[in-house]
Structures are given as C-alpha cells and as structure tokens.
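Residue numbers (our numbering): 486 to 668. Inspection log for the structure reproduced underneath, given as structure tokens.
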C-alpha cells in the first residue's frame with residue numbers, strides 16, 4: 486500500500502462553513518435594503534431637478550400679494566399628501582425612502598416613488614394652454630400653446646438605471662465579504 490502523504494483540510498473546512506453561512510443569509514432583507522437605497526438615490530436626484538415656482542399670489546385691487554413661498558412640487562417627493570407638501574414639514578429623502586413600502590411580486594421588488602401634488606405630471610411631461618388667456622397670478626397673458634415638460638423624474642430614472650449594475654456589484658461584494666470575514 487502506498488502512502489499518499491499528509492493533507493491539512495482545515496482551510497477547506499473553514500471555506501465550507503463560510504459557504505454554509507452564506508447560504509443562510511436573508512436574501513429578502515438584502516434585496517429590500519438595496520431597493521430602499523435605490524429609492525433614496527432616485528429621490529436625491531429628482532428633488533434638486535424639480536423646479537421651484539415663485540409661489541402663490543392673491544390679487545386684490547390689481548396688486549399682487551405673496552401668500553406663501555413656492556417649492557410645493559419639490560417637497561411633494563417626500564410627502565404622503567399634497568397638503569403635507571404645502572405645509573412644508575417633510576422628511577429628507579433618505580428618511581422618507583426608509584418609510585416606503587416594498588412589495589414583492591415573483592422575483593421582483595417594487596417600491597413606488599411618487600409625487601402627490603396634482604400638477605406634478607403636467608410639469609414632468611408638459612401641458613397645453615390657451616394662448617392669449619390672462620393669468621392674474623402671474624399678471625400676464627399666455628403666449629405658447631404648449632409648455633414643454635421638465636422630465637425631472639424621467640431623466641433621474643435613466644441616470645440611476647445606468648448606475649445600478651455598479652451599485653449592485655459593490656453592495657453584493659460588501660455583503661459577501663462581511664459574511665466570509667465574520668467567522
């Protein structure tokens with residue numbers, strides 16, 4: 486009988502334990518963390534891109550009086566209702582993203598980022614208007630029949646979409662390293 490020699494399997498056993506630990510990690514929790522981070526990143530891109538108006542005005546005897554500051558549309562990204570956005574006391578993007586509900590449909594995780602302000606879609610995609618109509622709030626007549634949209638959400642989504650693969654790779658690498666190094 487031939488002697489094959491000595492072999493140290495301790496590193497192989499250690500690797501086996503690390504793989505067992507890796508198989509026990511909560512993938513659902515990881516995916517929800519990533520979804521929330523993506524929502525926060527989307528909000529951090531779309532909020533500065535959202536235009537801020539001069540505010541609402543009340544016309545009395547031909548004079549304009551400022552009632553409140555603009556920014557309702559911008560605050561709407563982190564508000565649950567339009568009234569909340571008008572009030573001004575809304576959380577920051579990261580805090581709001583943590584509060585968003587995540588739904589799972591099959592292998593997909595769905596998190597909805599929306600703006601409850603009623604005119605948000607008109608600013609996003611553009612809208613028609615009647616040229617020549619006098620608008621007391623701005624004290625002018627309308628000139629163009631079409632107002633081009635700002636596409637703040639559309640541009641932000643496309644920008645984030647191109648960054649997702651690198652972000653996911655970093656997050657997964659970090660998650661796997663933590664799993665292997667904590668044992």
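We treat Cβ as the ideally placed atom computed from N, Cα and C, and that holds for glycine.
Got a sec, what are the start and stop residues for the beta strand (DSSP E) residue i sits in?
i, result
"residue 633", "631–633"
Terminal residues of the continuous alpha helix (DSSP H) containing residue i?
i, result
"residue 666", "637–666"
"residue 607", "605–610"
"residue 516", "512–534"
How would you label residue i, buried or exposed, when you count the other beta carbons within 10 angstroms and need 16 or more for buried?
i, result
"residue 568", "exposed"
"residue 638", "buried"
"residue 558", "buried"
"residue 589", "exposed"
"residue 611", "exposed"
Which residues in the same chain have their Cβ closer than 6 Å to the Cβ of residue i, if we skip the five residues on either side of it in sequence?
i, result
"residue 556", "537"
Taking the alpha carbon of residue i as the point to measure from, which residue in the options has its own alpha carbon closest?
i, options, result
"residue 627", "634, 635, 614 and 660", "614"
"residue 631", "651, 652, 608 and 625", "608"
"residue 592", "513, 498 and 501", "513"
"residue 587", "640, 507, 518 and 505", "518"
Name the DSSP bridge partner or partners of residue i?
i, result
"residue 625", "620"
"residue 565", "In the DSSP output, where bridge partners are listed per residue, residue 565 has none listed."
"residue 590", "593"
"residue 613", "631"
For residue i, which residues of its own chain have a beta-carbon under 8 Å away from its beta-carbon, when the five flanking residues on both sides are left out?
i, result
"residue 645", "523, 526, 527 and 530"
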